[in-house]
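Residue numbers (UniProt numbering), protein chains in the order written: chain A, 1 to 400; chain B, 1 to 339. For glycine and all other residues, C-beta sits at the position ideal for the given N, C-alpha and C.
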Amino acid sequence: MFRLARHLLHLIVSPVLNGGRYLIAGSWKRGLALLVTLALAAVVGGLMFAWLGLASVSARSGHWPVTEWFLHMAMRNAVETRSVSVKPPLTLDDPKLILKGAGHYETGCSSCHASPGKGQSLIVQQMTPMPPVLATRIKEWTPEELFWIVKNGVKFSAMPAWLAPEREDEIWAIVAFIRKLPELSSEQYEHLALGTSASGWRQNQEAGLLKGLDDPLGPTLANCVRCHGAKGEGRGPSTIPILAGQRERYLLESLEAYANGERKSGIMQPIAAALDDQTRRELARHYASLARPEPAARVSEQTEAIQRGETIAQYGVPRQGVPSCAHCHGPRQTPRNPIYPDLSGQHADYLTLQLELFKSQKRGGTAYVHLMHSAVRRLTPEQMSDLAAYYAAQTVEASQ
Amino acid sequence: MTLYTSRQIGLNGRHGGMIAPVIAVGGCDLHGPQSALSPAGVGAEQISSLFWWMAGGAVLIWAVVIGIALYATLARPRKKHDVQGARWLIIGGGIVFPTVVLTILLSYGLMLIPKLRSTGNVDLHVAVSGEMWWWRVRYTSPAGEPVELANEIRLPVGKRVSLSLTSPDVIHSFWVPSLSGKVDMIPGRENTLILEPTKPGTYRGVCAEYCGASHAFMAFRVVVMEPQDFEAWLTHQAQPAVSSGSPSARQGEQAFLVNGCGACHTIRGTAADGRVGPDLTHVGSRLSLGAGMLPNDAQTFARWIGHTQQIKPEVRMPSFGMLPEEQLTALATYLSGLK
C-alpha cells in the first residue's frame, strides 16, 4: 500500500522535477512542451471543475476579496475609459430634467438603489454584487460615467441597459435626478417622484380624477398621475406632456406604439408594455375626456416668437420645404385625422423636444411617424422653439 | 432600381415603348419627342442646322486627315518631298485652317445669340422653377391672375415665349431638346430662355444637371398647341378644381383634407392651400405623374401615393402606404378625376 502510494507520487512529481531539469539543462523545446502541457491541464481542469458543477455561484457567500477587487477594478476602469466621448448637456441642474428623471427613478431604480426615506429592501441586500445605495455613492462618479452606466448597464451585476438607447435625453434626466439624490429629504423626494401627498390623493379621489382600487383603471392611473398629474396636466415645468383633452385615437395608438417598441422611450415603453389592451383603451378614453388646462401664455399676447410660430404653423415655410402644421394638428376648421395629436395648449418644452427627436429620427411613433420626419427635416432650432411657443399659447377652443 | 420600380408601378407599354428605341439605337432616334435632331422650335432648328453643317465639315476634315495619314504610311514617292512645302502644309493645315474655321464657327454662334435671346416681341411669360425633383410652372391667366401648375408646360405654336428659370434648392438645368438648347436654373439667380415652337406636338423635357437621387426622374412634357386651343386650356387651368362628385371622389376629397395632404398641395376651390409640393388643381388633366415618370390613371395614382418613396427615392413626399386601402383608392379616384 505504502509502496503503491509512493509509486503514484513519483509518477506525478517526477515529470515536474524532470521538466525543471530540462529547463535548467537549457532544452527550451522540452520546457515549452511542459508549459503547454501544464496550461492545457489548467484549462481542462477548469472546464471539468465548472462542468461537474463544483464552482460556487451562490450569492450568499459573496466574492473572494481578490475577485471582488478584480471585478470592480475592471468595471470602474471600463466605465472611465468608455465614457470619454460622452458630452453632457449644458446644465444638469435644470429642474425640468430633474423632475423628468424622478418619476422613472421611483419606477425602475428605487427598488434596488433605495430612495430618501426608504432604505434598501432586505431582499436586494442578499444580491451579489449588492446594488449601491445611490445617495451615498453618487459623488464617486462623474456625470459622463453615470450616463454611460445608465445607458449601457453593467455586466455581471443586475444593472440593466437603458431600453431605448437613442433617447439620450431621458438618460440625462436620470443622471440629473440621481445627482440630486444626496440632498433630497424624503418629503422632497416624494414630491418629485410621487407628485402628491396623502391629502392630495384624497382630494383627487373625491373629485373623481382618481379611480378606486376596485376600478380596473385605479392602480394604473395611480401610477400615471405621478408624472402626468392628477388632471392629466403634465407636471411642470418639464417635458412631460399634457394628456388631458388629447385625442383618444392618438393616445391609444401612442400607448400601443410604446408597447410594441415603435415609439422609443425607456420610461414609457415598460409601462405601456405591461398594460393589457383593455386598460390602454380605457386610459386613452379617460385622458381624452379630461379638460385641457388653460395655457400659461395666450396667442393674443402676440410675442414675436408666437407671431413667427403662427406663420410657420399656418403656412409652413415653402421655400424651405416645410409644410404647414395646422392642416394636421390644428387650429383649423376642416376635420383632421384623429390619429394626429392636437397640439394646442401643449407644454412648449415637450413640443420642442418632440421636434428635435423627430428631426434626428430618434422618437419613433405610430405608422404615421415618417410624415413628421419629412415635415421637420428642414426646420431650424429657432423655428422649432417659435412653433412650440405658438402652440403652447393656443387655447383648445380656438382649435376646434 | 429601375427594374424594381417598373414592376412596382406596372409601367405601361407607352412608357416602355419610348425608352426601348432610345436604348436600342444609342440615342439616335431622330424623331423621338426628345431629340435635338428633330427640331420643333426656332432655337432647336438653328442648333440642328449648325450641328449638320459641323458634322458634314467634320466628316470632310476627317476624310482629308485620314487620306493624308494613309498617303504618309503607304505611298512610296520616288522623289523626296520638298521640306518647305511640307512645312507650309503643317502650318496651313494645323494652325491657319483650324483657326479660321473655329473663328468662323464662333462668330456664327455668337451671331445667333442676340436673336435667340432677344426678349422683344415676346407673347407669353412663363416662370419655371426647378425643385427637387419636379417643376413648378407659373402662368398668368387671360384674366391676369397668376396660375400655378406643375410638371407640364403648354405653349401656343408660332409665339415667342419667355421662360424665367429659377431654383430654390440646388442647380437644375432646363432642357427640351426638341425646342431649344438647355439653360441652367441656379439658386439665387433668374435666367431667361426664349422658346419659339414651330410645330404642334408633345415633347419631352428633362433636368440636364445632376441634382440628387431622383435627378433621372425629373422630366416633364411640353405640349405645343394651336393658339386658340392654348387659350382654352389656360382658361380651364385657371378655374378652381371640379370634382366628379361620385361617392368615391367625395370620399377621396375628404381623405385628402383629413390626412393633411393640403399642408403641401394646393387644390384651388378647396381648403388645401399648401405651397411645398405641386399644385394638384387639375392634376388629372396632366399627361404624366411624378414629374414625367408614370402614366396618369387612377390605378397608378394609388400606387404612387402608397409607394412614393420606393418609386422616386428621397423625394420630399412621404409614402402614404399606411392609409387604409379604400382611402388610397378613393384618393386616386378623386385626384385622377380632377381634369
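Beta-carbon separation (whole angstroms), G365 (chain A) vs V276 (chain B), contact threshold 8 Å: Wrong, their Cβ atoms sit about 21 Å apart, outside the cutoff.
Exposed unless 16 or more other CB atoms sit within 10 angstroms - verdict on S385 (chain A): buried
Residues that L149 (chain B) contacts on chain A, provided the C-beta gap is smaller than 9 Å: By Cβ distance, chain A contributes nothing, its closest Cβ being about 16 Å from L149 (chain B), past 9 Å.
9 Å Cβ cutoff, C264 (chain B) in contact with chain A: yes
Reduced DSSP category for P160 (chain A) - H, G, I as helix; E, B as strand; rest coil: coil
Contact with chain A by A271 (chain B), beta-carbon distance below 9 Å: yes
Where A198 (chain A) sits in the DSSP three-state scheme: Residue placement at A198 (chain A) cannot be trusted, given a pLDDT of 44 that sits under 50; what the coordinates show is reported in the next sentence. Looking at A198 (chain A) - three-state DSSP - the assignment turns out to be helix.
Chain B within 9 Å of R249 (chain A), Cβ atoms only: no
P177 (chain A) burial status per 10 Å Cβ neighbour count (16 or more: buried): Going by the sequence as given, residue 177 (chain A) is Phe instead of Pro. It is buried - the Cβ of F177 (chain A) has at least 16 other Cβ atoms within 10 Å.
Sequence-distant residues of the same chain with beta carbon closer than 7 Å to N12 (chain B), five excluded per side: Confidence is the limiting factor: at N12 (chain B) the pLDDT is only 40, short of 50, which leaves the residue's position unreliable, though a coordinate-based value still follows. Closer than 7 Å at Cβ, skipping near neighbours: P295.
8 Å CB neighbourhood of A326 (chain A) in its chain, flanking five on each side removed: A313, Q314, R332
Residue-chain proximity (V376 (chain A), chain B), Cβ-Cβ < 9 Å: no
Test: R308 (chain A) CB closer than 9 Å to a CB of chain B: no
Assumed close pair D169 (chain B), P156 (chain B) - CB separation to whole angstroms, cut-off 8 Å: Actually they do not touch by this definition, with Cβ atoms about 30 Å apart.
Neighbour-count burial assignment, R7 (chain B), 16 or more Cβ in a 10 Å radius: Caution is warranted here: a pLDDT of 38 is assigned to R7 (chain B), below 50, making its placement in the model unreliable, and the coordinate value is therefore given only provisionally. Per the 10 Å Cβ criterion, exposed.
As assigned by DSSP and simplified to three states, the class of T198 (chain B): coil
CA-to-CA distance, G262 (chain B) to Q254 (chain B), given in whole angstroms: 11 Å
Assigned exposure category for W133 (chain B) - 16 Cβ within 10 Å defines buried: buried
Collapsed DSSP secondary structure at A375 (chain A) in the structure displayed: helix
Where G220 (chain B) sits in the DSSP three-state scheme: Reading off the sequence, residue 220 (chain B) comes out as Phe, not Gly. Reduced to three states, the DSSP call for F220 (chain B) is strand.
Rounded Cβ spacing between G205 (chain B) and V222 (chain B) (contact assumed at less than 8 Å): 6 Å
Three-state secondary structure (DSSP) of L179 (chain B): coil
For W135 (chain B), the first and last residue of its enclosing beta strand (DSSP E): 134 to 140
Beta-carbon contacts of G26 (chain B) that lie in its chain and below 8 Å, excluding the five residues immediately before and after: Model confidence at G26 (chain B) stands at a pLDDT of 46, short of 50, so the residue's coordinates are unreliable and nothing is read from them.
Supposed close pair N151 (chain B), F220 (chain B) - CB separation, criterion 8 Å: 5 Å
Rounded distance between the beta-carbons of S129 (chain B) and S167 (chain B), thought under 8 Å: 6 Å
Nearest-angstrom Cα separation, counted from Q327 (chain B) out to A24 (chain B): Confidence is the limiting factor: at A24 (chain B) the pLDDT is only 41, short of 50, which leaves the residue's position unreliable and the question unanswerable from this model.
Element boundaries [alpha helix (DSSP H), containing residue 389 (chain B)]: Outside the shown range of chain B (1 to 339) lies residue 389 (chain B), about which nothing can therefore be said.
Sub-9 Å separation of P237 (chain A) and P95 (chain A) beta-carbons: yes
Residue closest to R82 (chain A), alpha-carbon to alpha-carbon, out of A:L35, A:M130, A:I149, A:H113: A:I149
Where the alpha helix (DSSP H) through H327 (chain A) begins and ends: 326 to 329
P96 (chain A) - DSSP class collapsed to helix/strand/coil: Going by the sequence as given, residue 96 (chain A) is Lys instead of Pro. DSSP places K96 (chain A) in helix when its eight states are reduced to three.
H113 (chain A) at chain B interface by Cβ criterion, 9 Å: no
Whole-Å CB distance - P131 (chain A) paired with A164 (chain A), under 8 Å assumed: Their Cβ separation, rounded to whole angstroms, is 22 Å, which puts P131 (chain A) and A164 (chain A) out of contact at 8 Å.
Chain-ordered neighbours of L371 (chain A) on chain B, where CB pairs are closer than 7 Å: P318
Assigned secondary structure, Q169 (chain A) (DSSP; H/G/I helix, E/B strand, else coil): A small fix is needed here, since residue 169 (chain A) is Asp in this sequence, not Gln. Three-state result, D169 (chain A): helix.
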